[in-house]
Amino acid sequence: LYQCNNVLIDGCDIRSPFRPVKAPSTDGIDIDVCKHVVVRNCYISVNDDAVCLKGGKGPTAQKLPENGPIEDVLVENCTFGEVHAALTCGSECIHATNITMRNCQMDNDRPVLLFKMRPDTYQIYENITIDHITGKCGTIVSLSPWTQFFNMAGSAEKPFGTIRNIRITNVNVQCRELALLAGNPTDKVENIVFKNVVATSPNSTFTNKYPSIVFDHVTLNGVPVQAAKAGTDQSGPTQPLKPD
């Protein structure tokens, strides 16, 4: 979808080969510079992102008329088979706001919510809600640098990402790792809340560089999860995500 408003995608079965032969660059649904989009009652299993929010990349992307924000997207009652992530913000996205994914089932080892943070692009991801998610996944949230096709195009700009007002509520999953929360050093992260989350995992620890992230009634293998301590780095060097 590109520059579309008021779209309903209902009851679709979207698949591409994942293994043994992979179909490259096969996003399920790309939402690019759109408003008021609903995706419901769909099954998606592809060798890329399932639902991907797009809108431009590069240090001056926000100034180009072909780029723009993604606003008011609802993903509900969907099942995600093998995908790179169920809901992905980026990597080609400058602003996504008022995004909700709810009542969805995961059946894979990838993130429910993935933030691809480009160090060459100003990005704003805000007012995002993930609610009532069940099943098996890789992480509930992954927030990491993304450097594929990095290009400052000779610009003297110093781009950074902003992630704020993110709510993860009523989640019950088996996961490889609860979360991966470690963006670029310049990214601004605020008001991320995990509430009423039950997760089981072979890993009893997870990466979180942000002491401000709130964990309210969150358990990992039955143990309450605590916020990261200010002034500590639980994760070591930040490693950029790599394309599959």
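Here the sequence shown is numbered in my numbering, starting from 10 and rising by one per residue.
For glycine and all other residues, C-beta sits at the position ideal for the given N, C-alpha and C.
Note that the structure is a prediction, hence the values are computed from the model and not measured.
- By the 16-neighbour rule on beta-carbons within 10 angstroms, K63 is buried.
- In the DSSP assignment, the residues bridged to L189 are S151, T216.
- Within the same chain, Cβ atoms closer than 6 Å to the Cβ of I201 are found at I175, I222, the five residues on either side in sequence being excluded.
- For A105, the secondary structure class from DSSP, reduced to helix, strand or coil, is strand.
- Contact between P74 and H104 fails: their C-beta atoms lie close to 15 Å from each other, not under 8 Å.
- Here R127 is buried: its Cβ has 16 or more other Cβ atoms, across all protein chains shown, within 10 Å.
- Scanning its chain for C-beta atoms nearer than 7 Å, with the 5 sequence neighbours on each side dropped, one finds around Y11 the residues D41, V42, in chain order.
- DSSP places A32 outside both helix and strand once states are collapsed to three, so it counts as coil.
- Around G144, the same chain offers Q114, M115, D116, V182 as residues with beta carbons nearer than 7 Å, after the five sequence neighbours per side are excluded.
- Across the structure, C13 and Q71 are spaced so that their CA atoms are roughly 18 Å apart.
- Considering only V234, R119, N15, H93, the residue with the shortest C-alpha distance to V82 is N15.
- Going by C-alpha positions, L190 is about 25 Å away from G37.
- About 7 Å separates the beta carbon of N56 from that of P33, a gap short enough to meet the 8 Å contact definition.
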